[in-house]
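Going by the working numbering, the sequence shown opens with residue 104, and the numbers climb by one from there.
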Amino acid sequence: MTGVIYKGIGGFYYVKTADGQMVECKPRGIFRKTGQKPVAGDKVALVEEAGTITMDEILPRRNVFVRPPIANVDQFVVVASTVEPTPSFLVIDKLTAVALDNDAQPLLVVTKTDLATAQPFVDAYGKSGIDLLAVNAETGEGLAELHQHLAGKLSVLCGNSGVGKSTLLNALLPQLSRETAEISQKLGRGRHTTREVEIFDLPSGQIADTPGFASLDLQRAAPIVKENLQFAFPEIEKRMQNCKFTGCAHIAEQGCAVRQAAFAGEISESRYNSYVTLYQEAKENERY
Numbered sequence: 104m105t106g107v108i109y110k111g112i113g114g115f116y117y118v119k120t121a122d123g124q125m126v127e128c129k130p131r132g133i134f135r136k137t138g139q140k141p142v143a144g145d146k147v148a149l150v151e152e153a154g155t156i157t158m159d160e161i162l163p164r165r166n167v168f169v170r171p172p173i174a175n176v177d178q179f180v181v182v183a184s185t186v187e188p189t190p191s192f193l194v195i196d197k198l199t200a201v202a203l204d205n206d207a208q209p210l211l212v213v214t215k216t217d218l219a220t221a222q223p224f225v226d227a228y229g230k231s232g233i234d235l236l237a238v239n240a241e242t243g244e245g246l247a248e249l250h251q252h253l254a255g256k257l258s259v260l261c262g263n264s265g266v267g268k269s270t271l272l273n274a275l276l277p278q279l280s281r282e283t284a285e286i287s288q289k290l291g292r293g294r295h296t297t298r299e300v301e302i303f304d305l306p307s308g309q310i311a312d313t314p315g316f317a318s319l320d321l322q323r324a325a326p327i328v329k330e331n332l333q334f335a336f337p338e339i340e341k342r343m344q345n346c347k348f349t350g351c352a353h354i355a356e357q358g359c360a361v362r363q364a365a366f367a368g369e370i371s372e373s374r375y376n377s378y379v380t381l382y383q384e385a386k387e388n389e390r391y
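Structure follows, in structure tokens:
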């Protein structure tokens, strides 16, 4: 019998089996000895002995993340608001880079467009190759398109607290009535309302609400080596073949095709600056 872990808490795991049943189980003791840690999204083999269901094996993973713990992710739904809190393009670019480096597709969802225009996002990501969608959970704007993007995938909601992830999840699945939190006027950001990873079924896919992806530490939780970072920016990867330098970092080399594209406005300034920042961070961390 096989299934997918939807939630783990207190040493117990809740696994949805192939026939649609949700069962509670614990992993075999050997898992602790070998250091194996089941996480939400894992496909697992189960055995039933004397009326008790036990997790017997973790099946091969497509990808796995440490903090927050989740595996086999198909898509990162990166949620950002136009205001309250003020969007951080660097945080967004970290998340989209991690997604692409781990064989997951990024989707940028912009909320609170009734309070401010989404034009800065269009300017930054319109030429990036990353899909951008404006969604208003209250009016329903963009929800049908979002459902289409979620179909057939295990997606994770991520982004800074206060951007409306729980509100968005409530709009996608009204029966959940997930807790939401107000924006802290002192800190300018929201309080976390999600305490553990949990997967929910959509009409034609699955979505996970996750604590911790907003403050993702690239080098600890999902490190990207500096040489691979160019592949995590589609607009840079697209122009690599025109670069005349072997092993080019696309940062200081004169005549670099990527730098020329950035100077010409073919790559947005914020995206290129994020690439340079993340490259320097990766380079610095490789020293330790």
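Every residue, glycine too, gets a C-beta built ideally from N, C-alpha and C.
Mind checking which residues open and close the beta strand (DSSP E) that includes Phe219? Per the sequence shown, the amino acid found at residue 219 is Ala instead of Phe. Note, Ala219: premise wrong, no beta strand (DSSP E); not H, not E.
His295 to Cys359, Cα distance in whole Å? Since pLDDT at His295 reaches only 41, below the 50 mark, its modelled position is unreliable, and no value is offered.
Return the Cβ separation of Asp177 and Leu257 in integer angstroms, given the expectation that the two are a contact with Cβ distance under 8 angstroms. 5 angstroms
Whose C-alpha, out of Gly111, Ala247, Ala207, Gln363, is nearest the C-alpha of Arg165? Ala207
By how many angstroms is the C-alpha of Gln383 removed from the C-alpha of Arg390? 11 angstroms
When Arg170, Ala183, Lys347 are compared against Pro326, the one with the closest alpha-carbon: Arg170
Taking one C-beta from the segment 150-163 and one from the segment 115-130 each time, how about it: are there three or more such pairs within less than 8 angstroms? yes
Distance between Ala355 and Lys329 (C-alpha atoms, nearest Å): 15 angstroms
Under the assumption that Ala364 contacts Asp204 (Cβ atoms under 8 angstroms), give the Cβ distance between them as a whole number of angstroms. Actually they are not in contact, since the Cβ atoms of Ala364 and Asp204 sit about 21 angstroms apart, beyond 8 angstroms.
Secondary structure of Tyr375, DSSP reduced to three states: helix
Whether Gly123 touches Ala143 by CB criterion (8 angstroms): no
How would you call Arg135, buried or exposed, if buried means at least 16 neighbouring beta carbons within 10 angstroms? exposed
Minimum C-alpha distance to Val201 - residue among Leu279, Ala183, Asn331, Ala148: Asn331
Alpha carbons only, please: which of Thr270, Gly245, Cys128, Ile133 is nearest the one belonging to Glu152? Cys128
CA-to-CA distance, Glu301 to Pro277, given in whole angstroms: 16 angstroms
With 16 as the cutoff for other CB atoms within 10 Å, does Leu210 come out buried or exposed? buried
Of all the options Arg131, Ala148, Pro223, which has the alpha carbon lying nearest to the alpha carbon of Ser373? Pro223
Using the rule of at least 16 other Cβ atoms within 10 Å of the residue's Cβ for burial, across every protein chain shown, is Pro306 buried or exposed? exposed
Given a threshold of 16 other Cβ atoms within 10 Å of its Cβ, counted over all protein chains shown, does Lys268 qualify as buried or as exposed? buried
With the cut-off set at 8 angstroms, would you say Pro188 and Val238 are in Cβ contact? no
Taking all protein chains shown into account, do 16 or more other C-beta atoms lie within 10 angstroms of the C-beta of Val107, making it buried, or fewer, making it exposed? buried
Can you give me the Cβ contacts of Gln309 inside the same chain, cut-off strictly under 6 angstroms, excluding the 5 residues immediately before and after it? Leu257, Ile302
What does a CB cutoff of less than 6 angstroms around Ile370 pick up in its chain, not counting 5 residues either side in sequence? Glu338, Ala364
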